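Peer 1:
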């Protein structure tokens with residue numbers, strides 16, 4: 001391997017990561033007049049013609065090509081993006097504001113200051129406008145989504161369409177590749193237009209510090225001529241590498257105070273439902289409704305559908321003859337997700353610094369997921385489903401709602417469930433309660449004057465909704481607070 | 497794909513190809529040239545996925561691949577790739593249905609990668625659509641299984 005000469009770079013603001021938190025932070029600070037350099041570990045890839053859940057996307061855009069499970073008492077598949085734009089390039093673009101009960105809990109337990117629904121109102125509106133957050137055509141939903149809605153309405157349960165940060169693409173389809181307003185189409189171009197620089201294929205391996213200040217960071221940039229080591233001196237460093245990579249980088253650099261000690265997730269149990277007529281879920285791929293009757297503890301919704309994903313769920317169901325049924329077009333995928341109350345943690349491997357994340361389902365998680373399966377059974381049978389195949393590691397087919405309701409009294413064992421999640425957070429919680437928090441109320445890491453975190457790691461615990469809205473709102477809030485406090489400080493300095 | 501230089505070893509690639517072929521569902525039925533091309537793409541992508549696994553999983557998985565292969569030799573007198581297809585499937589089923597979680601998870605991982613890569617491959621998707629439109633899908637009872 002040819003190792004190119006090292007390079008020394010100096011910048012005012014270094015943003016590590018270009019996902020929801022990093023892109024928002026970079027754009028906000030660059031537009032406020034700061035010199036910003038963004039480093040992204042993954043490649044820059046044009047996703048305008050790439051289906052988000054296709055095998056090609058998994059190989060190109062997903063960390064570890066989609067194989068990064070959480071260790072623990074259950075099988076939990078976890079995926080995150082590793083590309084310019086981060087996980088916003090691979091998610092379903094659902095948009096939900098932070099629930100008021102979560103904000104209140106964070107104020108009370110974590111003592112997060114200056115955080116309220118009112119203070120975030122304008123920030124949410126601003127981001128929603130930029131991302132074109134809107135409802136799709138609810139009058140004409142995909143058949144699998146319509147079934148979920150109809151079933152919930154028959155039972156008198158609360159069901160809602162969840163808006164998306166999505167426009168229509170050139171073919172006029174909101175479900176087609178290129179329609180999503182991911183970071184590579186929204187905040188990153190804004191940041192670059194405001195003067196920020198972006199380097200892709202550049203992994204930060206270590207933060208170096210002295211006397212409470214980050215002096216410089218070491219990074220490794222891959223290029224056509226081989227890897228190159230970068231030494232970057234920055235006045236301020238924002239780590240926005242996501243809920244797993246951020247604590248891993250900090251811990252690999254020797255920063256451990258409340259870092260990586262409290263990972264939370266929204267565990268999700270998938271169910272394949274068989275109907276009596278074609279759903280053709282593979283044509284719409286993305287569902288649009290969620291059943292909120294049992295929220296915040298349990299959310300029911302439609303899941304991404306392709307023949308491959310269906311086969312995975314059926315294979316996980318432990319059925320003897322499960323690969324791809326002949327009537328696969330009559331099938332759709334749904335999920336029951338819960339607001340995780342178990343506890344996970346993130347560690348960094350010695351030498352490589354690679355992240356190792358674990359999560360153990362709590363008793364409450366098991367009860368919620370089992371109840372979620374029961375409720376999902378009720379709503380889908382009410383919607384006309386004929387059979388349900390839950391992703392459990394023993395052969396079971398539900399043929400009526402009564403069979404499903406048995407799980408209400410008898411929680412499933414953790415090891416029996418094949419779970420997945422795309423929502424992880426809280427690995428470096430923010431707040432003034434220094435006993436449990438890693439950063440102050442605005443993301444500054446305790447003990448450091450120039451090190452900040454701006455990603456899902458900051459979210460103090462499981463919010464019960466898709467976290468992208470919360471991540472972006474907190475990033476914008478914290479970046480503005482940072483910028484304003486710097487301006488105030490420089491005014492005081494110039495007066496002196 | 498995010499790969500590691502210390503990839504899955506060449507001797508394991510033959511094993512991997514054998515495992516992938518044994519897991520591939522018989523349907524949809526592809527024309528021979530398309531079948532070969534798709535199989536090769538799936539084998540390469542699954543090998544790439546395994547090579548991209550995080551270190552703390554990749555190394556144990558390599559060891560498990562070796563164990564899987566040598567236990568086949570101990571049991572049947574041949575390495576997995578040299579077993580007849582029926583025996584390969586039987587052996588995979590035994591591991592997938594084992595009471596030992598590690599053995600189940602070992603098969604589950606490669607099976608998940610293979611099914612996703614194969615059934616969502618553009619050629620296979622097109623064939624599935626075409627077969628559905630012609631109503632040509634065969635009896636589900638004839639499907640292979642690996643659980």
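Protein chains in written order, with my numbering: chain Z, 1 to 496; chain Y, 497 to 643.
Backbone N, C-alpha and C fix where the C-beta goes; we use that ideal spot for every residue, glycine too.
Computed from a predicted model, the values in this text were never measured in an experiment.
Mind pulling the chain Y residues with CB within less than 9 Å of residue 72 of chain Z?
Peer 2: Per Cβ cutoff of 9 Å: no residues; residue 72 of chain Z is ~12 Å from chain Y at best.
Peer 1: Name, please, each residue of chain Z whose Cβ falls closer than 8 Å to the Cβ of residue 551 of chain Y.
Peer 2: By Cβ distance, chain Z contributes 349, 352 and 354.
Peer 1: To the nearest angstrom, how far is the alpha carbon of residue 64 of chain Z from that of residue 154 of chain Z?
Peer 2: The alpha-carbon atoms of residue 64 of chain Z and residue 154 of chain Z are separated by roughly 43 Å.
Peer 1: Go ahead and pull the three-state DSSP assignment for residue 216 of chain Z.
Peer 2: Residue state, collapsed to three classes: strand.
Peer 1: Just curious, the beta strand (DSSP E) that residue 18 of chain Z is in, first and last residue?
Peer 2: First-last for residue 18 of chain Z: undefined, no H or E at that position.
Peer 1: May I ask you to report which of helix, strand or coil DSSP gives residue 100 of chain Z?
Peer 2: Residue state, collapsed to three classes: helix.
Peer 1: Would you decide whether residue 53 of chain Z is buried or exposed? Buried here means 16 or more other CB atoms lie within 10 Å of its CB.
Peer 2: When all chains shown are included, residue 53 of chain Z counts as buried.
Peer 1: Threshold first: 3 residues or longer. Then list the beta strand (DSSP E) segments lying entirely within the stretch 24–70 of chain Z, N to C.
Peer 2: With a minimum length of 3 residues, the continuous beta strand (DSSP E) runs that stay inside the stretch 24–70 of chain Z are 36–39.
Peer 1: For a quick check, are the C-beta atoms of residue 74 of chain Z and residue 244 of chain Z less than 7 Å apart?
Peer 2: No, they are not a contact pair.
Peer 1: Quick one: what's got a C-beta closer than 7 Å to residue 481 of chain Z's C-beta in the same chain, skipping five residues either side?
Peer 2: Same-chain partners within the cutoff: 442.
Peer 1: Give the straight-line distance between the Cα atoms of residue 250 of chain Z and residue 514 of chain Y, rounded to the nearest whole angstrom.
Peer 2: If I take the Cα positions, the gap works out to 42 Å.
Peer 1: In chain order, which continuous runs of the beta strand (DSSP E) of length 3 or greater are located wholly inside the stretch 443–484 of chain Z?
Peer 2: Within the stretch 443–484 of chain Z, the complete beta strand (DSSP E) runs of at least 3 residues are 451–453.
Peer 1: Output needed for residue 533 of chain Y: all residues of its chain with C-beta closer than 8 Å, excluding positions within five of it in sequence on either side, in chain order.
Peer 2: Once the five neighbours on either side are set aside, the close Cβ partners of residue 533 of chain Y are 619.
Peer 1: Please report whether the beta-carbon of residue 323 of chain Z lies at a distance below 7 Å from any beta-carbon of chain Y.
Peer 2: Taking Cβ atoms only, chain Y reaches closer than 7 Å to residue 323 of chain Z, which makes this a yes.
Peer 1: At which residue ranges does the stretch 392–421 of chain Z contain complete beta strand (DSSP E) runs of 3 or more residues, listed in the order of the chain?
Peer 2: Taking only runs of at least 3 residues, the beta strand (DSSP E) segments lying wholly in the stretch 392–421 of chain Z are 418–421.
Peer 1: So the alpha helix (DSSP H) residue 596 of chain Y belongs to, where does it begin and stop?
Peer 2: Per DSSP, residue 596 of chain Y belongs to no alpha helix (DSSP H) and is neither H nor E.
Peer 1: When the Cα atoms are used, what is the spatial distance from residue 47 of chain Z to residue 58 of chain Z?
Peer 2: In a straight line, the C-alpha of residue 47 of chain Z is about 12 Å away from that of residue 58 of chain Z.
Peer 1: Between residue 215 of chain Z and the rest of its own chain, which residues show a CB-CB distance below 8 Å, the 5 nearest in sequence each way excluded?
Peer 2: Around residue 215 of chain Z: 208, 209 and 233.
Peer 1: Around the C-beta of residue 89 of chain Z, are 16 or more other C-beta atoms found within 10 angstroms, so that it is buried, or is it exposed?
Peer 2: Per the 10 Å Cβ criterion, buried.
Peer 1: Which residue wins for smallest C-alpha separation from residue 549 of chain Y, given the options Y:627, Y:537, Y:511 and Y:609?
Peer 2: Checking every option, the nearest Cα to that of residue 549 of chain Y belongs to Y:609.
Peer 1: Does the stretch 220–234 of chain Z touch the stretch 417–428 of chain Z, meaning 3 or more C-beta pairs lie closer than 8 Å?
Peer 2: Segments in contact, no.
Peer 1: Looking at the C-beta of residue 517 of chain Y, does it have a partner C-beta in chain Z at a distance below 7 Å?
Peer 2: Answer no: the Cβ-Cβ gap between residue 517 of chain Y and chain Z never drops below 7 Å.
Peer 1: Measure from the C-beta of residue 287 of chain Z to each C-beta in chain Y and report whether the shortest distance is under 7 Å.
Peer 2: Residue 287 of chain Z does not count as touching chain Y.
Peer 1: Quick one: residues in its chain with C-beta nearer than 6 Å to the C-beta of residue 162 of chain Z, no 5 flanking neighbours on either side, listed in chain order?
Peer 2: Closer than 6 Å at the Cβ level, and outside the excluded window around residue 162 of chain Z, lie 94 and 290.
Peer 1: Would you kindly work out how many angstroms separate the C-alpha atoms of residue 338 of chain Z and residue 576 of chain Y, rounded to a whole number?
Peer 2: Taking the straight line joining both Cα atoms gives about 41 Å.
Peer 1: Roughly how many whole angstroms lie between the Cα atoms of residue 420 of chain Z and residue 79 of chain Z?
Peer 2: Using only the alpha carbons, I get a separation of about 8 Å.
Peer 1: Using the rule of at least 16 other Cβ atoms within 10 Å of the residue's Cβ for burial, across every protein chain shown, is residue 350 of chain Z buried or exposed?
Peer 2: Result: exposed.
Peer 1: Do you know offhand how far residue 240 of chain Z's Cα is from residue 598 of chain Y's?
Peer 2: Taking the straight line joining both Cα atoms gives about 34 Å.
Peer 1: Please determine, among Z:141, Z:96 and Z:449, the residue with the shortest C-alpha to C-alpha distance to residue 124 of chain Z.
Peer 2: With distances taken between Cα atoms, residue 124 of chain Z lies closest to Z:96.
Peer 1: Within 10 Å of its beta-carbon, does residue 582 of chain Y have 16 or more other beta-carbons around it, so buried, or fewer, so exposed?
Peer 2: It is exposed - the Cβ of residue 582 of chain Y has fewer than 16 other Cβ atoms within 10 Å.
Peer 1: Is the CB-CB distance between residue 357 of chain Z and residue 346 of chain Z below 7 Å?
Peer 2: Yes, the pair counts as a contact, with Cβ atoms nearer than the cut-off.
Peer 1: Hey, is the stretch 25–33 of chain Z in contact with the stretch 184–201 of chain Z, meaning 3+ C-beta pairs nearer than 8 Å?
Peer 2: Yes, they touch.
Peer 1: Between residue 408 of chain Z and residue 371 of chain Z, is the Cβ-Cβ spacing less than 7 Å?
Peer 2: Yes. Within cutoff.
Peer 1: Is it a yes or a no for the stretch 458–478 of chain Z touching the stretch 376–390 of chain Z, going by three-plus beta-carbon pairs under 8 Å?
Peer 2: Taking 8 Å as the limit for Cβ pairs, the verdict is that the stretch 376–390 of chain Z does not touch the stretch 458–478 of chain Z.
Peer 1: Taking the alpha-carbon positions, what's the residue 555 of chain Y to residue 364 of chain Z distance?
Peer 2: Near 34 Å, if we compare the C-alpha coordinates of residue 364 of chain Z and residue 555 of chain Y.
Peer 1: For residue 477 of chain Z and chain Y, any beta-carbon pair shorter than 7 Å?
Peer 2: Not an interface residue.
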